[in-house]
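Let me begin by presenting the structure, written as structure tokens, before commenting on it.
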Amino acid sequence: MSIADRIRRNPLYSLKMHAAAIATGLRYLFAKPRMTVRYPEYVIDLGRNYRGMIRLHKDKCISCSLCAQVCPASAMKMYKLPGEKKMYPGINYQRCIFCGFCVDICPVNALEHTPVHDIAEEDMEGMIYLPLPGRFDREWKSPAEEEGGRKVKVEFDEEEGLKHEPE
Amino acid sequence: MTSQGSRSSETDMGYGPGTIKEPGFRYRPMGRDAEGMELYEIFIGPQHPASGHMRIVVRLDGDIIVNADPDIGYVHRTMEKLSETREYLKSIPLFERATIIDSANITWPYVRAVEQMLGVEAPLRAKYLRTLLAEINRISSHLYGFGLTGIFINHSTMYMWSFGDREIWVQLAEELTGARLTHTYIIPGGVRRDLPQGFKEKALKAIRYMERRLEDYMKIFVYNPVTVARFREVGVLTKNDASRLGIVGPNLRASGVHYDARIAEKYGAYPELDFEIPVMEEGDSLARLLVRIEEIKQSMRIIKQVLDKMPQGPFFADKYMRLIPPALRKHVAETGRIKLPGAFIRLKPPAGEAVARGEMGHGEVFYHIVSTGDTKPYRVRIITPAFRNVVLFRHLTRGARFMDLPVIYGSIDYFPPEGDR
């Protein structure tokens, strides 16, 4: 007879399983919260593997336009800005899906992911990053971290699952 | 859909007095049966929190469900048609969004079908890495379904626990691929990133944690007498019906049919791994839960073996690696991240057709691609497991009590965006 059938037919066994369920719940009642990170006081360090905001190294770019061609969401386009001879990529974060194909296809490693994703803009135009100084080539930093948020590292733990340890 | 024609004009009383006007939940009397009892038609969704992105039209005789019709299509995004306008590579991020909780498993068969047409085979290490991510995804997909099943019957502990523990597998996938859900990891020719350093230790810790937690799950939810009372012998799907209706995945295996596309198709690293396909005979809602628990255990067993047996070697097909300059090849070897050749944007499979199937968390997914030799497919047909299983709403609910509906919904793990594509 399966456990489920024993629970249904034997009231004593059912009582035992009720008690087991309650005991399991009680055991976790007083455990400290495990997974919640109190953003923005604490910011998760996403690590350099993370596919976050994309940064352009304009000096390396050879204007091959492969990044604009591979973009599945048409977020990346080539722009020819006044006063420049070559075209450079610009990105529209309204469209970007962070698949990272542009970073992977760049033959000169002019594009790179940054481990930052908590960026907000005040208007829709602000989400379009043209290849201008301080825009697409800017060095990203989490705004929460800039305002004093402490970085926490994600660690795997056998007891607690995920642990967030301040660095 | 509701069958408007079957309702005669005298029985159709419309929205009469006594109609409850609660958002997302309304019913109306449909007339009387022979004994003078009123039949009711109840609309659950599409705004109801437990209905998902769909609507269920239920007809009730007292507390007994006469008929339940799933009204699907609310999240239809024309993925098949959209893929005809995209190059082969660009369809991968698109198809991921059909089942965002199981994105590796839903794109893998597509990539395999494209590989068949291109005549490329992924290196062995890439196959192992694909298997690794697929199993991580399978666990998080099952945990997601588990959490929803819990909240459907108001067991919010199960909901919180399984969504919290799913975070561990999402984190593991993030460390491997760089993205939490939309990994876009499996591409024609191999995978995009090599195994990061220290991944094995992290995965083993996660497995040991999860094994312990599964025991807690059994105590607090699965073998909780309250759950057993609500799931046992509810929504029984017989073995005969399961195969007749074309049910796939854990729902099929809970009815005693030993079928899994991982075994049937022998793709990835599965033929070299030792694992079991959990099968149960009962076919009720509880059996469907238990099969998923067993599958999580088997997936963890697969992950352990994959990490032990992971062969050395390239993770991307040599055919494409030769197309990138030597300096970049060195970069790939140093960083463990792929560099795509420029020709990869316009992959051009020769004219022909290819089919592939794979096992997702929800069941078997099937792709049929027709190429005319162009850079874009002529036609991509996707049959997702949720779409095959949606028939169960009508089949299993007939004759059940109304409050069994959330239990049946939860146990068949229907995922509307996947069914609608």
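Line order of the protein sequences matches chains X and Y.
The opening residue of the first sequence carries number -7 in my numbering; numbering runs sequentially from there.
The opening residue of the second sequence carries number 2 in my numbering; numbering runs sequentially from there.
Glycine is no exception: its CB is placed at the ideal position from the N, C-alpha and C atoms.
| Query | Result |
| --- | --- |
| Can you have a look at L348(Y) and say buried or exposed, based on whether 16 or more other CB atoms are within 10 angstroms of its CB? | buried |
| Just to confirm before moving on: does the CB-CB distance between L189(Y) and V292(Y) stay below 8 Å? | Reading the sequence as shown, one finds Pro at residue 189(Y) and not Leu. Not closer than 8 Å, so no. |
| Quick one: is Y42(X) near chain Y, going by C-beta distance under 8 Å? | yes |
| Relative to the C-alpha of C98(X), which candidate in P342(Y), P312(Y), G284(Y) has its C-alpha closest? | P342(Y) |
| Taking one C-beta from the segment 232 to 242 of chain Y and one from the segment 4 to 19 of chain X each time, how about it: are there three or more such pairs within less than 8 Å? | no |
| Use the C-beta contact count for Q172(Y): other C-beta atoms within 10 angstroms, 16 or more gives buried, fewer gives exposed. | buried |
| I'd like to know whether the C-beta of T106(X) is nearer than 8 Å to at least one C-beta of chain Y. | no |
| Could you give the distance in angstroms between the alpha-carbon of I111(X) and the alpha-carbon of R40(X)? | 17 Å |
| Taking only three categories from DSSP, how would you classify G17(X)? | helix |
| Would L58(X) count as contacting chain Y if we go by Cβ distances under 8 Å? | yes |
| For L215(Y), which residues from the same chain have a beta carbon less than 8 Å from its beta carbon, with the 5 sequence-adjacent residues on both sides left out? | I294, I297, K298 |
| Give, in chain order, every residue of the segment 0 to 24 of chain X whose Cβ lies closer than 7 Å to some Cβ of chain Y. | R0, S6, M9, H10, A12, A13, T16, G17 |
| Is the Cβ of F367(Y) closer than 8 Å to any Cβ of chain X? | no |
| So does S134(X) have its beta carbon nearer than 7 Å to some heavy atom of the ligand COA? | For the structure depicted, the ligand COA is absent and the ligand set is empty, with no information on it obtainable. |
| In this structure, how does DSSP classify L124(X) when only helix, strand and coil are distinguished? | coil |
| With a threshold of 16 other CB atoms inside 10 Å of the CB of H259(Y), please say whether the residue is buried or exposed. | exposed |
| Going along chain X in order, which residues have a C-beta closer than 9 Å to the C-beta of V292(Y)? | Residues of chain X passing the Cβ test: none, with the nearest at roughly 13 Å. |
| Specify whether the segment 316 to 336 of chain Y and the segment 123 to 134 of chain Y touch according to this definition: at least 3 beta carbon pairs, one from each stretch, less than 8 Å apart. | yes |
| Considering only the alpha carbon of each residue, which of H77(Y), D103(Y), A114(Y) lies closest to R167(Y)? | D103(Y) |
| In or out: K52(X) buried (at least 16 other Cβ within 10 Å) or exposed? | exposed |
| Output the distance between the C-alpha atoms of A387(Y) and G420(Y), rounded to the nearest integer angstrom. | 5 Å |
| Quick check: the Cα distance between L58(X) and T398(Y), rounded to an integer number of angstroms? | 53 Å |
| Does the segment 306 to 313 of chain Y come into contact with the segment 110 to 117 of chain Y, if we say contact requires no fewer than three beta-carbon pairs (one atom in each stretch) closer than 8 Å? | no |
| I want to know whether the segment 71 to 82 of chain X touches the segment 122 to 141 of chain X - three or more CB-CB distances under 8 Å. | yes |
| Out of G257(Y), K267(Y), E266(Y), which one is the CA nearest neighbour of E282(Y)? | G257(Y) |
| Grab me the residues of E147(X)'s own chain with a C-beta within less than 8 Å of its C-beta, minus the 5 sequence neighbours each way, in chain order. | L154, K155, H156, E157 |
| With 8 Å set as the bound, which would you pick, yes or no: does the beta-carbon of H332(Y) sit closer than that to a beta-carbon of chain X? | yes |
| With respect to the alpha helix (DSSP H) encompassing K240(Y), which residues constitute its N-terminal and C-terminal limits? | 240 to 245 |
| F93(X): buried (16+ other C-beta within 10 angstroms of its C-beta) or exposed? | buried |
| Does A102(X) have its Cβ less than 8 Å from a Cβ in chain Y? | no |
| Just to confirm, is the Cβ distance from D37(X) to K143(X) under 8 Å? | yes |
| When you check each C-beta in the segment 137 to 152 of chain X against every C-beta of chain Y, which residues fall closer than 9 Å? | V146, E147, F148, D149, E150, E151, E152 |
| For F232(Y), collect the residues of the same chain with a Cβ closer than 8 Å to its Cβ; drop the 5 residues on either side in sequence, then sort them by chain order. | D285, S286, L287, L290, V408, S412 |
| Could you check the C-alpha separation between Y160(Y) and P110(Y) for me, to the nearest Å? | 30 Å |
| Excluding five sequence neighbours on each side, which residues of the same chain lie with their C-beta closer than 6 Å to the C-beta of R(-2)(X)? | Y5 |
| Figure out for me which residue from V35(X), E131(X), G118(X), M27(X) has the closest Cα to the Cα of I197(X). | This structure does not reach residue 197(X), given that chain X is present from -7 up to 159, and the question cannot be answered. |
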